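Trainee: Residue numbers (the working numbering): 25 to 592.
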RNA sequence: CGGGGCGUGGCUCAGCUUGGUAGAGCACCUGGCUUGGGACCAGGGGGUCGCAGGUUCGAAUCCUGCCGCUCCGACCA
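1. Taking buried to mean at least 16 other C-beta atoms within 10 Å of its own C-beta, is residue 537 buried or exposed?
2. By a C-beta neighbour count over all protein chains shown, 10 Å radius and 16 as the cutoff for buried, is residue 167 buried or exposed?
3. What whole-angstrom Cβ distance do residue 182 and residue 157 have, given they're in contact under 8 Å?
4. What does the alpha-carbon distance come out to for the pair residue 83 and residue 269?
5. Excluding the 5 residues flanking residue 285 on each side, which residues of the same chain have their C-beta closer than 8 Å to its C-beta?
6. Run through DSSP, which three-state label would residue 501 get?
7. Return helix, strand or coil for residue 306, following the three-state DSSP convention.
8. Ordered along the chain, which non-local residues of its own chain (more than five positions away) have a Cβ less than 7 Å from that of residue 281?
9. Note down, one range per segment and in chain order, each alpha helix (DSSP H) of at least 4 residues found wholly within the segment 228-309.
10. Could you pull out every unbroken alpha helix (DSSP H) segment of at least 4 residues lying fully inside the segment 404-477, listed in chain order?
11. Could you check where the alpha helix (DSSP H) with residue 515 kicks off and where it finishes?
12. In the DSSP assignment, find the unbroken beta strand (DSSP E) run with residue 321 in it and report its ends.
13. Buried or exposed: where does residue 257 fall if 16 or more other Cβ atoms within 10 Å of its Cβ makes it buried?
14. Of the choices 245, 265, 420 and 90, whose alpha-carbon is the least far from that of residue 13?
15. If you run the structure through DSSP and keep just helix, strand and coil, what is residue 168?
16. Secondary structure at residue 140, three-state DSSP: helix, strand or coil?
17. On the DSSP letters alone, give me the boundaries of the beta strand (DSSP E) that residue 370 sits inside.
18. Taking all protein chains shown into account, decide if residue 343 is buried (16 or more other Cβ within 10 angstroms of its Cβ) or exposed.
19. Excluding the 5 residues flanking residue 432 on each side, which residues of the same chain have their C-beta closer than 6 Å to its C-beta?
20. What residue range does the alpha helix (DSSP H) around residue 52 cover?
21. Taking DSSP's pairing of strands, which residues face residue 175 in a bridge?
22. How would you call residue 589, buried or exposed, if buried means at least 16 neighbouring beta carbons within 10 angstroms?
23. Could you compute how far the alpha carbon of residue 530 sits from the alpha carbon of residue 550?
24. How big is the Cα-Cα spacing for residue 37 and residue 232?
25. Could you give the C-beta distance for residue 470 and residue 403, rounded to a whole number, given that I count them as a contact under 8 Å?
26. Assuming residue 193 is part of the alpha helix (DSSP H), what are its boundary residues?
27. On the CB-based measure, 16 or more other CB atoms within 10 Å of its CB, does residue 381 come out buried or exposed?
28. Among 59, 40, 291 and 69, which residue has its Cα nearest to the Cα of residue 546?
29. Using three-state DSSP, classify residue 218 as helix, strand or coil.
30. So what's residue 148 in DSSP terms, helix, strand or just coil?
31. Drop a sphere of 10 angstroms on the beta-carbon of residue 336, count the other beta-carbons inside from all chains shown, and report buried for 16 or more, exposed for fewer.
32. Count Cβ pairs between the segment 430-450 and the segment 404-420 that sit closer than 8 Å; are there 3 or more?
33. How about residue 141 and residue 188: do their beta carbons lie closer than 7 Å?
34. Rounded to the nearest angstrom, what separates residue 540 and residue 217 at their Cα positions?
35. Leaving out five residues on either side along the sequence, give the residues of the same chain with a beta carbon under 6 Å from the beta carbon of residue 535.
36. So is residue 316 buried or exposed if we call it buried at 16+ other beta carbons inside 10 Å?
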């Protein structure tokens, strides 16, 4: 490819609405252009990268026995009505009607589609296991598309579905995929962590997320360097905390005027927040919820929602607190709360003694509160959010927390969909059983964006070779110069013939312009042909990542470039 | 949906407070000159000032309504 005809319109200035570096650089490097919020054109350079990422994914999926197929984007509502997700999925689903008024959606995922496909054609245990996948555009009408390709409304996803006869089979498929994902992201040159995750709306029994560590990530990931435990913070279990036991004192109610926050009460009564109980009010489809955690802890709403098995969970407003709970905002507590309120206590709370909490009465708190003696929660469970420095749930060493970008997510679905959709097989005893399923997704565009988040500098993108749009760019300092041009053309032909994907910057521009664009787009190697080195019969080969420059001989350049390329 | 910001050539923005007939830089086209880190000179093309009403002799500017984009919270590959 010659740069004079490469469709990669680079921008000198950063568009104002691009927030994160991958978005900025993809716009500036002429890789993507926005069509609507969360919907983008992929220009040739981006498409080359996406194809390379896809190819790596294909190779790894195929190596585990995956078979690629292609399912339709347009999906009839009946499929979704069978599992009940037509109503559950909500506004995030792009919906449309055909000319006869039949409901369709643009596929946000394909569990329903694949499961009904397989149930038509697979009858026997002899046909299992099966792994089917596709790489295709998915549609989710996100509440807030963000960060360029990081959270789009139309985005490319690889989704694979496994069908096994039992849990043991699923387990093998699941860990095969775990391995395939690890290999895929390693090959893409990413620094990532596979962490335990919440399985969310898709459901199922076990789940891992593949997180690329980057400050622009939207998730918090906690991990332990000692035992290698890792988890999304919304999922991370807690190491039990033993509280010091002391003789129980008598429960007392005290006046605490104008002390609404934990800090104010602690200050007024002279104790530390970690000595008291913090109560938070929520409202859910199960009714009003009072969540109790230690004063210095935070409630993990995901855990709480899972424990309650509710469809929605929101912070309660004053009406709920006053009318349904019979309490007063700022003075919430478990003692004397209305019977309708479901009290959920974090396990840590049950180990506390002679502690403090709100008295459900304006300007009053209880002191010397002892759980079990003074109140009995409806549910005791782990509902708190892990913090940096908390003991690792596995080994007890302090955990670290970093931001992560979720590039892949794998789930054990078990029979959640196969049972509802009647996707059954017959085993060797003639018995009918639902297939045991897993599903596995990779955000292809997000992987590309995550790579840029991790590999860039002030000049632009630094592609890992495996997914770079091209390998080498040749820059003659002056294309008008006959000698430079002749050598450039020769190298351009020979490098491509040798299997190095090479572009020639044949534009009649000043060298600076060409250097800036080359750095911005991030070609791993740049060969500069200029008068200085040419006097010595040499050209320069510059490594984008390190900036190091190698002077190589014009006559033997090919083997030198190949050697440099291998080291990348 | 709630709350902030913003809509002026392809991009970044000025002009708006205090109405007077639309600007700069970059990009683009032509010619010249130049060619080792986003040159320079001369000339040129390109804008219903988001849309619709209203006020006014006159609206990018003031008023009303709508639309769109963007950032902060619930969603997720």
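Backbone N, C-alpha and C define an ideal beta-carbon position, used for all residues, glycine too.
Remember, it's a predicted structure, so these values are computed and weren't measured experimentally.
Mentor: In terms of the structure at hand:
1. The residue labelled residue 537 in the question sits at position 513 within the first chain. With a 10 Å radius around the Cβ and a threshold of 16 neighbouring Cβ atoms, residue 537 comes out exposed.
2. The residue given as residue 167 occupies position 143 in the first chain. Flag for residue 167 reads exposed.
3. As a working mapping, residue 182 is identified with position 158 in the first chain. As a working mapping, residue 157 is identified with position 133 in the first chain. For a cut-off of 8 Å, the C-beta gap from residue 182 to residue 157 is around 6 Å, short enough to register as a contact.
4. Residue mapping note: residue 83 aligns to position 59 of the first chain, counting from 1. Residue mapping note: residue 269 aligns to position 245 of the first chain, counting from 1. Rounded to whole angstroms, residue 83 to residue 269 spans 58 Å at the Cα level.
5. On the first chain, position 261 is the one that residue 285 refers to. Only 354 meet the Cβ criterion.
6. If you number the first chain from 1, residue 501 lands on position 477. Coil, per DSSP.
7. As a working note, residue 306 is residue 282 in the first chain. Shown here, residue 306 sits in a strand according to DSSP, grouped into three states.
8. Sequence index remark: in the first chain, residue 281 carries index 257 (1-based). Cβ contact annotation for residue 281 (same chain, cutoff 7 Å, sequence separation greater than five): 387, in chain order.
9. Annotation note: the segment 228-309 contains the following uninterrupted alpha helix (DSSP H) runs of length 4 or greater, listed N- to C-terminal: 286-293.
10. Here the runs fully enclosed are 440-444.
11. Working through the first chain from its first residue, we reach residue 515 at position 491. Unbroken alpha helix (DSSP H) run through residue 515: 506-521.
12. Within the first chain, the letter at position 297 stands for residue 321. Unbroken run through residue 321: none, as it is neither H nor E.
13. Sequence index remark: in the first chain, residue 257 carries index 233 (1-based). Counting every other CB atom within 10 Å of its CB across the protein chains shown gives residue 257 a total of 16 or more, marking it as buried.
14. Only positions 25 to 592 of the chain appear in this structure, which leaves residue 13 out of reach.
15. Position 144 of the first chain, counting from 1, holds the residue named residue 168. DSSP places residue 168 in the coil class of the three-state scheme, outside both helix and strand.
16. Mapped onto the first chain, residue 140 falls at position 116. Helix at residue 140.
17. The residue you call residue 370 lines up with position 346 of the first chain. Note, residue 370: beta strand (DSSP E), 366-370.
18. The residue you call residue 343 lines up with position 319 of the first chain. Counting Cβ neighbours within 10 Å, residue 343 comes out exposed, since fewer than 16 surround it.
19. Looking up residue 432 in the first chain gives position 408. Shown here for residue 432: same chain residues with a beta carbon closer than 6 Å to its own, the five before and five after excluded, namely 205, 234 and 466 in chain order.
20. Within the first chain, residue 52 is the residue found at index 28, counting from 1. For residue 52, the uninterrupted alpha helix (DSSP H) run begins and ends at 45-52, by DSSP.
21. Walking along the first chain from the start, residue 175 turns up at place 151. Bridge partners of residue 175: 170.
22. Within the first chain, residue 589 is the residue found at index 565, counting from 1. Classification for residue 589: buried.
23. Along the first chain, one-based indexing puts residue 530 at 506. Along the first chain, one-based indexing puts residue 550 at 526. Taking the straight line joining both Cα atoms gives about 14 Å.
24. Position 13 of the first chain, counted from the start, is the residue given in the question as residue 37. Position 208 of the first chain, counted from the start, is the residue given in the question as residue 232. Their backbone Cα atoms lie some 39 Å apart in a straight line.
25. As a first step, residue 470 is located in the first chain; it is residue number 446 there, counting from the start. As a first step, residue 403 is located in the first chain; it is residue number 379 there, counting from the start. Not confirmed; about 36 Å, so no contact.
26. On the first chain, residue 193 is found 169 positions in, with the first residue counted as 1. Run containing residue 193: 191-211, per the alpha helix (DSSP H) assignment.
27. Here residue 381 refers to the residue found at position 357 of the first chain. Label assigned to residue 381: buried.
28. Against the first chain, residue 546 aligns to sequence position 522. Here the closest residue by C-alpha is 69.
29. Sequence index remark: in the first chain, residue 218 carries index 194 (1-based). Residue state, collapsed to three classes: strand.
30. The count along the first chain starts at 1 and reaches residue 148 at position 124. Three-state result, residue 148: strand.
31. For the purposes of this step, residue 336 is taken as the residue at position 312 of the first chain. Counting Cβ neighbours within 10 Å, residue 336 comes out exposed, since fewer than 16 surround it.
32. No contact exists between the segment 430-450 and the segment 404-420.
33. By 1-based counting over the first chain, the position of residue 141 is 117. By 1-based counting over the first chain, the position of residue 188 is 164. Judged by beta-carbon spacing, residue 188 lies beyond the 7 Å limit of residue 141, meaning their Cβ atoms are not closer than that value.
34. Here the question's residue 540 lines up with position 516 in the first chain. Here the question's residue 217 lines up with position 193 in the first chain. Each residue's Cα considered, the two are about 33 Å apart.
35. The residue given as residue 535 occupies position 511 in the first chain. Shown here for residue 535: same chain residues with a beta carbon closer than 6 Å to its own, the five before and five after excluded, namely 501 in chain order.
36. Numbered from 1 along the first chain, position 292 holds the residue referred to as residue 316. It is buried - the Cβ of residue 316 has at least 16 other Cβ atoms within 10 Å.
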